[in-house]
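J.: If you count the sequence shown from 1, you need to add 81 to reach my numbering.
Handing you a structure now.
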Amino acid sequence: MRYAVIDTGSNTIRLGIYEHENNALTQLYNSAVFANLAGYITHGRLSQEGISAASDAVNKHYKTAEAYGCKPH
82 MRYAVIDTGS NTIRLGIYEH ENNALTQLYN SAVFANLAGY ITHGRLSQEG
132 ISAASDAVNK HYKTAEAYGC KPH
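Written out as structure tokens, the structure is:
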């Protein structure tokens, strides 16, 4: 079975895709989108522009995960 993990950080939003087989995980894909979310903080909150940047990055990773045959959970 394949798994996709999206890790949202303050600067990058990463995607790792893994194959689980015989009780072992093998990384098939690793990518990062530089989103600079920390730069979109205003008064302690993520601005609308930051939300859009994060959403765009997650959607890009989601499409890649689908292409690898991962299903959302």
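Just so you know, even glycine gets a beta-carbon here, dropped at the ideal spot from N, CA and C.
Just so we're clear, the structure is a prediction, and the values are computed from it rather than from any experiment.
When the Cα atoms are used, what is the spatial distance from F115 to A134?
T.: Using only the alpha carbons, I get a separation of about 9 angstroms.
J.: Which same chain residues end up closer than 7 angstroms to C151 when comparing Cβ atoms and leaving out the 5 residues on each side of it in sequence?
T.: R83, Y84, A85, I98.
J.: For K144 and G125, what's the separation of their Cα atoms in angstroms?
T.: Near 30 angstroms, if we compare the C-alpha coordinates of G125 and K144.
J.: Among the residues of its own chain, which have a CB less than 6 angstroms from the CB of I94, if the five just before and after it don't count?
T.: V114, A116, A138, listed in sequence order.
J.: Smallest Cα separation from N140: which of G90, L96, S91, N92?
T.: Selected option, being the one with the closest Cα: L96.
J.: Give me the Cα-Cα distance between N104 and T123, rounded to the nearest whole angstrom.
T.: Distance between the alpha carbons of N104 and T123 is about 44 angstroms.
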